[in-house]
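Under this note's numbering, the first residue of the sequence shown carries the number 1394, and numbering increases by one thereafter.
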Amino acid sequence: AKGFFVKHKKAFKSLQEYILIGLVWNAFCNAFTKGIGIEFSHGVFLLGLLSSLHLGSFYVLLKVFGSRLLNFSNADAIA
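As structure tokens, this is what we get:
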């Protein structure tokens, strides 16, 4: 059995990836057909909160790495 697996390793790897993509696609479709289990107002609040946290953390990190204390160039701070 091990020899068969080693011989067809690439095919098994592709099959594994297709199965994983199928599972993710199934979960995605179920979330939209059945709902994700939260009220619309809570979803809007979470979307706003997560967006604000993301942009806020980006701003803070840009300021920290762009500060003169760390002595990074502007290109290094952005990268």
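Glycine included, every Cβ here is placed at the ideal spot set by N, Cα and C.
query: Identify the continuous alpha helix (DSSP H) that holds Gly1428 and give its terminal residues.; result: Element bounds for Gly1428: n/a, residue is neither H nor E.
query: Spatial neighbours of Phe1398 within its chain, please: CB distance less than 8 Å, with the 5 preceding and 5 following residues excluded, ordered by chain position.; result: Phe1405
query: First and last residue of the alpha helix (DSSP H) that includes Phe1397?; result: 1395 to 1400
query: Could you give the C-beta distance for Phe1465 and Phe1458, rounded to a whole number, given that I count them as a contact under 8 Å?; result: 6 Å
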